[in-house]
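Going by this note's numbering, the residue at position 15 of the sequence shown is 15; the numbering climbs one at a time, nothing skipped. Where is the CB? At the ideal position from N, CA and C, for every residue including glycine.
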Amino acid sequence: MEEREDQSPEVNPEGEKKREIDLNTLFPGKGLDLNRLFPDEGTKKLLAELKRNRRDIERFIKSLHSEEE
C-alpha cells in the first residue's frame, strides 16, 4: 500500500506542470505581466475558472436572447 501512496504524489505534480496556467494568454492586452503579478497557482486557477464561468454565462445569456427571437 505504501508504494501506491508514493506513486500518487508523483503523478499529481506532473499533471499540474502540464496544466500550468498562463494568465497573459488568458487575459491578453493588459500591458502587465500577470503571471508575475499573481504567482500563486491557486490564484491562477481561480482566475482561469472565473474566465471560464464568465464565458459560460455569456453563452447562456446569448442563447436566451436567441430563443426570444
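Member of the options whose CA lies at the smallest distance from the CA of residue i
i     : options                    : result
Ile21 : Lys44, Gly31, Lys51        : Lys44
Arg19 : Glu68, Leu50, Gly29, Glu41 : Glu41
Integer-rounded CB distance, given that residue j should sit under 8 angstroms from residue i
i     : j     : result
Leu34 : Leu46 : Not confirmed; about 13 angstroms, so no contact.
Ala48 : Leu64 : Incorrect: roughly 25 angstroms between the Cβ atoms, too far for contact.
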